Structures are given as C-alpha cells and as structure tokens.
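Enquirer: Let me give you the structure first, and then I'll get to my questions.
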Ligand code: CP
Ligand code: NVA
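Numbering (our numbering), first residue to last: 1 to 294.
Structure, rendered in structure tokens:
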C-alpha cells in the first residue's frame, strides 16, 4: 500500500512511534548520514509561503543523497485547468514522493487517491502533522518521554492546535487549549479547551503558541486574543523546568512577548532545526517501498 503521511491517525500509533525513534537516531547521525535517498526524487508544491517546511524537506532529501523539485501551485497546470486526478497520476510517473502545502485538505486527500507514490502533508488549513512530529521530538529531547507531560496551548484554534489534539492520545500526553470562548466551537471533537489561561498554564511542562493570524487570515482583529499572550506572568504559572515552543513564524510581539521568546526556556530554534530531522524520518518511512531502509 502507498504510504501517505497526511493525517497522524491514518498513519497509526505504532508507525508514528517508529518514525519518532528514527528521527532521534537520524539527528544523532547528523554529521555522517548514510545516503538512503540516493537516486530518489521529491516534488514539493506550495500554495502558501514557507521557510522551514521547504528548506527542511529540501535539505533532508539532499543530505541523504536525494533530489528535489519545487513549484508554486500557481505555476502548475493544477492551478489552472488540470484536475487533481490528472496531476496525481502524472507526478507519480516522474518522482518518488510529493510533499504538498495545500490550503484545502480535501484536495490533498483527493490527490493522494490518484497518486501511486506517497503524498506528504506539508500543512493545510486544518492540519500540520510534520510540525507536530518535530515538536514531539523537541519535547522528548528537552524533557524526556512525552508520555504523561502537560502541554498547554494558548491563543487561536488552528491547523497546528488541531494536530496536537490528534497527537495527544497517540503519544499519551495531556493537551489543554486556552482560547477565547467564541472560538471553542472550532476546536476538534474531544479537545480539552478552556477560556482560563492561568488554569491551562498551571504546572505545565510545555507552553506552546502560534500566530493569531494564520496565512490567509490577514486583517483579522486581535482584540480577543490579548488575554492569551504568552508572557512572563503566564510562564511563571508553569513548572520551573517548562519550555516555550512556537512553530514559527512569530508575529512579534503579539502571541508571545519578546522576553519569553528570547528567554532560556524558549526552544524555538531547536524546534525549527528538528523539522529537518523529523522530515528525514517521515521521508524514510514513506519511501520504504522505493527501497529505503534504515
Ligand atoms: N512552521 C512552519 O511550517 O514554517 P514555514 O511556514 O516557514 O514552513
Ligand atoms: N498557523 C500557521 C502556521 C504556520 C506554520 C499558519 O497556518 O499560517
């Protein structure tokens, strides 16, 4: 079966734990990597901006001997008249995997149905699974096994928080969201959500936030979000050992104060680096049918 990496739930707990373990190992091998992707190509298609996702996938492929081809969706026939079905079939004849940053999750899922090669979700409006794998890798590096840890989220309900909700039962950690009440209806079923920021932060191991204005939401009012800013007062409610995380890019200094973002507790650049190590492990799993073995 073709190994798509679109939804964490579909990949399954057992496989996700293996991918995470491989990510830890691949990071340890960072200066002497085996060329496991030799002769393989990854196509990357974007309909939104990206720094980390694009660079980390490109470097992950190239450091391990593979190739990449990058296109914006509006340069492709897919952005014009060509169907998703035709595009999936055609790309399958050229490359070994496709990584897509695509606004519409349904369109990505449809494309995967017509693709004989793995489709990897580089973020949609509703999910960001590669980010959460890198985040779990970071939490484990800093704090040990994620099992039983309290991860507290502040601000918007978005693609990143949705995927944390999906990951929590799979990796057995507590995920609590503190968000304005008017947004609670947008949280996925089963989310542990409150409007009480202090309650969410209390004794947390990890304090995490993301921009209040995701790409495509420019011009949105920020008024309801200020009580959820991650600042020193909020960090003081978490454990002394708590770390601060943000997938980046930050909107300086809205969702997080400068003081917290630049504090010792902040692991945001290790988190960004870990996108690279996580991508290698995700690619290795997806490309196993193409002969990759680690
Ligand atoms: N965190 C993240 O996905 O960053 P980019 O938008 O720069 O890829
Ligand atoms: N929620 C943000 C994440 C960016 C990596 C967005 O969708 O713009």
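Backbone N, C-alpha and C fix where the C-beta goes; we use that ideal spot for every residue, glycine too. The structure presented is a predicted model; accordingly, all values stated were derived computationally and were not measured.
1) Would you kindly work out how many angstroms separate the C-alpha atoms of residue 174 and residue 148, rounded to a whole number?
2) Using only alpha-carbon positions, find the residue among 290, 192 and 283 that is nearest to residue 15.
3) Is the Cβ-Cβ distance between residue 46 and residue 100 less than 9 Å?
4) Would you say the region 122 to 139 touches the region 159 to 172, given that touching needs at least three Cβ pairs under 8 Å?
5) Between the alpha carbons of residue 235 and residue 267, how many angstroms are there, rounded?
6) By a C-beta neighbour count over all protein chains shown, 10 Å radius and 16 as the cutoff for buried, is residue 58 buried or exposed?
7) Among 48, 177 and 265, whose alpha-carbon lies nearest the alpha-carbon of residue 70?
8) Label residue 228 either buried or exposed according to how many other C-beta atoms from any shown protein chain fall within 10 Å of its C-beta, with 16 as the threshold for buried.
9) Pull up the CB-CB distance for residue 201 and residue 237, whole angstroms please, since I reckon it's below 8 Å.
10) Helix, strand or coil for residue 238? Go by DSSP, reduced to three states.
11) Taking residue 65 as the reference, which of 55, 41 and 88 has the closest Cα?
12) Excluding the five sequence neighbours on either side, which residues of its own chain have a C-beta within less than 6 Å of the C-beta of residue 280, listed in chain order?
13) State the DSSP-derived secondary structure class of residue 30, mapped to helix, strand or coil.
14) Between residue 224 and the rest of its own chain, which residues show a CB-CB distance below 6 Å, the 5 nearest in sequence each way excluded?
15) If you run the structure through DSSP and keep just helix, strand and coil, what is residue 208?
16) Do residue 257 and residue 274 have their beta-carbon atoms positioned less than 9 Å apart in this structure?
17) If you measure between the beta carbons of residue 3 and residue 289, is that distance less than 9 Å?
18) Helix or strand or just coil, what does DSSP make of residue 199?
19) I'd like to confirm the pairing. Which residues does DSSP put opposite residue 121 in its beta bridges?
20) Using a 10 Å radius around the Cβ and a threshold of 16 neighbouring Cβ atoms, would you call residue 17 buried or exposed?
21) Taking its Cβ as the centre, do 16 or more other Cβ atoms sit within 10 Å of residue 111, making it buried, or is it exposed?
22) State buried or exposed for residue 135, treating a residue as buried only when at least 16 other CB atoms are found within 10 Å of its CB.
23) Between residue 203 and residue 243, what straight-line distance do the alpha-carbon atoms span, to the nearest angstrom?
Expert: Reading it off the structure:
1) 6 Å
2) 283
3) yes
4) yes
5) 14 Å
6) buried
7) 48
8) buried
9) 4 Å
10) coil
11) 41
12) 26 and 60
13) coil
14) 180
15) strand
16) no
17) yes
18) helix
19) 100
20) exposed
21) buried
22) buried
23) 12 Å
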